[in-house]
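Quick note: the sequence shown uses the numbering used here, first residue 410, plus one each step. Positions of the beta carbon are idealized from the N, C-alpha and C atoms, including for glycine. What follows is a single structure, written as structure tokens, with notes after it.
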Amino acid sequence: MIKITESPRDAMQALKAFIPTDKKIDYINELFKVGFDTIDVGSFVSSRAVPQMSDTAEVLKNIKDKYSTKISVLVGNERYAEIASQHDNVDYLNYPFSISNTFQKKNMNANLDKSIRVVDKILNVCEKNNKTPIITIAVAFGNPYDEDWGIDILMDWIEVLYDMGLRYLPLADTTASGTSHLIGLVFDNVIREFEDVEFNFHLHTKAEDTIAKIEAAYNSGCRNFDTVFNGMGGCPMSGKELVANLNTVTFINWLDKNNIEHKIKKSFFNNAIEKASEIF
């Protein structure tokens with residue numbers, strides 16, 4: 410069964426104009442009816458760095474019914490993890506960890522040594538507050554910053570995180586560096602080596618490459634995918650041109666065309682498409 414994480418956070422954070430909090434609440438409440446496994450609701454980070462996410466706490470307080478869907482939020486460090494963990498309806502605390510020093514400094518203002526210490530502190534926060542940690546590995550499919558990259562480097566970092574106790578590790582093609590061939594190779598290797606880890610595919614890509622990259626990941630064993638309605642988003646901290654996320658509609662259509670089972674409820678899905686068009 411395919412698992413889908415829908416990320417209004419990733420869509421909204423790229424928009425400069427502030428979306429009114431009541432509109433966010435209305436839209437996100439609609440998403441919970443659709444049948445996604447997880448919704449990436451928002452983030453606890455510096456409001457100066459990402460002002461769009463400054464109202465995440467208010468959004469969380471106004472979620473009416475999660476149904477069977479889990480809630481994930483991104484956290485910028487241990488302090489923000491503590492704040493996020495006080496929300497009872499939050500299930501996952503997600504910290505972005507790049508295997509590129511350059512990108513980690515751009516995104517989290519920290520080098521890899523400092524960031525791995527932050528990971529350890531966030532794991533302690535999760536254990537103390539009964540939350541599940543997620544570490545999203547950024548720049549997982551190639552490095553455009555003139556730094557060394559290889560599947561062996563990626564595997565070494567996964568092993569470090571695995572030994573720390575992590576079992577949920579989304580892989581992000583943050584800068585759309587990965588070809589479909591490379592994406593297939595990465596998932597072949599990581600799924601074979603770390604059988605008890607869930608690897609989401611967080612894809613940023615041009616529209617014309619989307620299907621080939623989905624198929625490469627799926628055919629290599631990936632069953633967890635991150636999506637965004639209208640494909641909005643992209644990492645604003647990358648220093649590179651923003652590249653679209655995996656469009657939810659494109660992905661669901663691909664699943665249906667290939668008779669691949671999923672949990673999406675089509676009537677609520679269509680309602681969510683309409684709501685998304687009002688915001689994006």
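So, helix, strand or coil for Val-569, using DSSP? Translated into the one-based positions of the sequence shown, residue 569 becomes position 160. Of the three classes helix, strand and coil, the one that applies to Val-569 here is helix, per DSSP.
DSSP three-state call for Val-595: helix, strand or coil? Position 186 of the sequence shown, counted from the first residue, corresponds to residue 595. Looking at Val-595 - three-state DSSP - the assignment turns out to be helix.
Assign Phe-610 to buried or exposed, taking buried as 16 or more other Cβ atoms, counted over all protein chains shown, within 10 Å of its Cβ. Residue 610 sits at position 201 when you count from the first residue of the sequence shown. Buried, by the Cβ-count rule.
In angstroms, rounded to a whole number, what distance separates the CA positions of Gly-648 and Asp-572? Position 239 of the sequence shown, counted from the start, is the residue given in the question as residue 648. Position 163 of the sequence shown, counted from the start, is the residue given in the question as residue 572. At Gly-648, the pLDDT of 41 sits below 50, so the modelled position is not reliable; the number obtained from the coordinates is stated separately. The straight-line gap separating the alpha-carbon atoms of Gly-648 and Asp-572 is approximately 31 Å.
Smallest Cα separation from Asn-552: which of Met-564, Gln-422, Ile-508? Here residue 552 refers to the residue found at position 143 when the sequence shown is read from its first residue. Out of Met-564, Gln-422, Ile-508, Ile-508 has the C-alpha closest to the C-alpha of Asn-552.
How far does the beta strand (DSSP E) with Pro-542 in it reach, from first residue to last? Counting from one through the sequence shown, the residue named residue 542 turns up at place 133. Residues 541-547.
Best match in Glu-556, Asn-438, Leu-575 for proximity to Tyr-501 [C-alpha to C-alpha]: Within the sequence shown, residue 501 is the residue found at index 92, counting from 1. When only C-alpha atoms are compared, the closest one is Leu-575.
My output table needs one value for Lys-672: the three-state DSSP class, helix, strand or coil. Working through the sequence shown from its first residue, we reach residue 672 at position 263. Looking at Lys-672 - three-state DSSP - the assignment turns out to be coil, as it is neither helix nor strand.
Would you give the residue range spanned by the alpha helix (DSSP H) that Asn-503 belongs to? For the purposes of this step, residue 503 is identified with residue 94 of the sequence shown, where counting begins at 1. No alpha helix (DSSP H) holds Asn-503; the beta strand (DSSP E) holding it covers 501-507.
At what residue ranges does the region 425-463 contain a whole run of the beta strand (DSSP E), taking only runs of 3 or more? 447-453
Inter-residue spacing [alpha-carbon to alpha-carbon] between Ser-586 and Ser-686: Residue mapping note: residue 586 aligns to position 177 of the sequence shown, counting from 1. Residue mapping note: residue 686 aligns to position 277 of the sequence shown, counting from 1. Rounded to whole angstroms, Ser-586 to Ser-686 spans 29 Å at the Cα level.
Please list, in chain order, all residues of the same chain as Leu-632 whose beta carbon is under 8 Å from its beta carbon, the five residues on each side excluded. Reading the sequence shown from its first residue, position 223 is the one you call residue 632. The displayed chain sequence assigns Arg, not Leu, to residue 632. Closer than 8 Å at the Cβ level, and outside the excluded window around Arg-632, lie Met-410, Ile-411, Lys-412.
For Ala-490, count the other beta carbons within 10 Å of its own beta carbon; 16 or more makes it buried, fewer makes it exposed. Which is it? Locating residue 490 in the sequence shown gives position 81, counting from the first residue. Ala-490 comes out buried.
Can you check which of these residues, Arg-601, Leu-594, Gly-640, Tyr-504, is closest to Arg-526 by C-alpha distance? Mapped onto the sequence shown, residue 526 falls at position 117. The shortest Cα separation from Arg-526 among Arg-601, Leu-594, Gly-640, Tyr-504 belongs to Tyr-504.
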